[in-house]
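In the numbering used here, the protein residues as written are 152 to 863.
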């Protein structure tokens, strides 16, 4: 190469260092006009094109440079950058791997290789590259930060925290590390620490909408709804096209009981962003309000997105809607894949001596006055303590109720982890070295399945709390029965189905209700035929409600007794009835009262009507236990078959219909035939002492047999 060309390339290199890409490009082009294969000129011209934003031409030039000089490390590094900018991350990895193999390759090559591997989801390879940088640049903040990003992406939030904290100890002004540290704290449930970090980010970067929104979430989780709402509004002021603050505002209003404000926030958010989660949350709120006119077109839009979206909210929201078992599983698996970190390997199965007790743990946030553990409390009490050592991990509030005290006494080990972060809960469960961990919460509100996702136990089971497919790789088994999940439906479950011999639902024979009040005290006519349904409003769908109103029209003097779930639902259900020719006086709303008083209401009713497709669960057991016949409709999904299982386990499968027409005709026949009603009540009374549904000791032994079968 001539001295003139060498001078030009030296000047071009200086121009690149100063950021003057056009000047560098001109000098390189002059050299290439005489030496078209000069690798340094091709490399620097490619770098200049990269600086100008033309990744395609840069890649072409850099490939020519590498063809001319295969060991040209700088050209290989820039080629990797060009491929990365073009979106060809696999090609970027190939080029950067070649550059890294050249002796003396600078740390920047390894850093870029780590980024490219991470973009492809090759986290082990990314970690390897960043660790190689760290060996050469010990305590480099950016490298420490990148290792944290890798661990966070692998679902290792606790490890990520350590990297981010270490990066910040070296560079306190590294706001990206601080923001990521807060995200790791949020993932671990360490809300005060997350809020503290985000406060510093927002103070330093007032226009950072991401950090402001994350701070709103952290503050909300701490319980400060006023400030959380203010921060959500600030995030929207920074970026009105963000769906998150609208959804968070709606959550805050929902928690406060202001469903109208929640709906308004979601409507604004959906109109502004078209976001899937905003739509799904709006559908859920409209359904809870029984605003059928609003709900119907919104649900149609949501259902159209169901086959492809993974952001339509909790799978729980699908249960009261018109969905098939296949749709539920398909969506749930997609949602789990994006909502939980990659499943990690759990501990090895515990080696248990032949005479050693089986250790089982129940995991829930509902160990207080809540329908699900209220069903299972006697089963917990009846576990055979000579064969089983029983743990409870409670992450919900202590409500000070008698049921909380009873539940706490039902287990050998009642472990309150309500204030512990997720990694501490996982560590505690691992240290207890269980044989089986049973979640009884599922995807219901307030779950901490992130702990289950970390695999603290080798065998993990879902039971009772969630009537649908879990679709999660960290759940091995689901407990059902032959009515709820027939063998032909196992294909709709990613987990293995275990079946109880009768109904999967436990019952508590110790629950007792006082004598009911008079009908007049309940606001009921003395001589009316009383149809009741005390399910949540979100379970009431237009087709089933139309049948209830049809029954009222066919039964002069009858009334419909519903639970006051929320004031909007009550008002909308009454208004809907009036629009269908049923006077408001015939739809009677029961106020919320303590559970013992509520149970007595069933003895003032004549016939319980089931919802569909999300059927009665605890409410069905309550009605049957209190001697009130239940008319049910059987469908295809888990949630649509629970009440049928309850009735069959009581010897009352003749009260189960398979179509809406049969359902209405069955209820009408019972209401009109006094002898049939008396005979049905007599059978139900006898069932309390003889039916499998209420045989808690036999139920407990069968449940234990399933646990032993798993371990066999």
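A virtual CB, placed ideally from N, CA and C, is assigned to each residue, including glycine. Everything numeric in this text was worked out from a predicted model, so none of it was measured.
Buried versus exposed call for residue i [16 or more other C-beta atoms within 10 Å across all chains shown]
i	result
residue 527	buried
residue 169	exposed
residue 436	buried
residue 459	exposed
residue 666	exposed
residue 851	buried
residue 820	exposed
residue 157	exposed
residue 769	buried
residue 837	exposed
residue 204	exposed
residue 812	exposed
residue 551	exposed
residue 440	buried
residue 503	exposed
residue 393	buried
residue 377	exposed
residue 300	buried
Alpha carbon of residue i to alpha carbon of residue j, nearest angstrom
i	j	result
residue 290	residue 474	53 Å
residue 354	residue 631	52 Å
residue 220	residue 175	21 Å
residue 520	residue 555	6 Å
residue 728	residue 735	7 Å
residue 685	residue 749	9 Å
residue 512	residue 428	33 Å
residue 862	residue 809	38 Å
residue 350	residue 382	11 Å
residue 566	residue 515	11 Å
residue 543	residue 664	27 Å
residue 320	residue 286	18 Å
residue 574	residue 498	15 Å
residue 659	residue 523	11 Å
residue 654	residue 243	57 Å
residue 177	residue 218	22 Å
residue 569	residue 703	46 Å
residue 432	residue 446	11 Å
residue 364	residue 345	12 Å
residue 166	residue 356	33 Å
Same chain only: Cβ atoms within 7 Å of residue i, ignoring 5 sequence neighbours per side
i	result
residue 781	759, 761, 767, 771, 774, 775, 794, 798, 806
residue 206	233, 236, 237
residue 375	none
residue 335	303, 308, 311, 312, 315
residue 743	715
residue 406	376
residue 539	508, 509, 511, 855
Own chain residues within Cβ distance below 8 Å of residue i, not counting five before or after
i	result
residue 675	681, 710, 712, 739, 755
residue 316	332
residue 288	258, 294
residue 419	397
residue 327	296
residue 828	757, 758, 780, 821, 822
Cβ-Cβ separation, residue j to residue i (assumed contact under 8 Å), whole Å
i	j	result
residue 547	residue 597	7 Å
residue 224	residue 213	That pair is no contact at about 12 Å.
residue 611	residue 626	6 Å
residue 848	residue 800	About 15 Å; that fails the 8 Å criterion.
residue 452	residue 430	6 Å
residue 586	residue 603	Incorrect: roughly 16 Å between the Cβ atoms, too far for contact.
residue 389	residue 358	6 Å
Residues near residue i in its chain [Cβ-Cβ closer than 6 Å; skip 5 each side]
i	result
residue 179	163, 192, 195, 196
residue 480	620, 622, 643
residue 202	172
residue 387	396
residue 716	687, 688
residue 559	565
residue 471	689, 690, 765
residue 628	612, 646, 647, 649
Whole beta strand (DSSP E) elements within the segment 495 to 582, 3-residue minimum | 509 to 515, 539 to 545, 564 to 567
Any chance you could list the beta strand (DSSP E) runs of at least 3 consecutive residues sitting entirely within the segment 218 to 245, in chain order?
-> none
Along the chain, which unbroken stretches of the beta strand (DSSP E) at least 3 residues long are found entirely within the segment 726 to 792?
-> 738 to 741, 758 to 760, 781 to 784
Complete alpha helix (DSSP H) runs within the segment 305 to 332 (minimum length 4 residues, chain order) | 308 to 321
Runs of beta strand (DSSP E) lying entirely within the segment 640 to 670, each at least 3 residues, in chain order | 647 to 651
What are the complete alpha helix (DSSP H) segments, minimum 4 residues, inside the segment 258 to 312?
-> 258 to 270, 274 to 287, 292 to 304
Note down, one range per segment and in chain order, each alpha helix (DSSP H) of at least 4 residues found wholly within the segment 435 to 504.
-> 443 to 456, 476 to 490
Only counting runs of 4 or more residues, tell me where the alpha helix (DSSP H) segments fall wholly within the segment 783 to 860, in order along the chain.
-> 793 to 799, 811 to 823, 825 to 841
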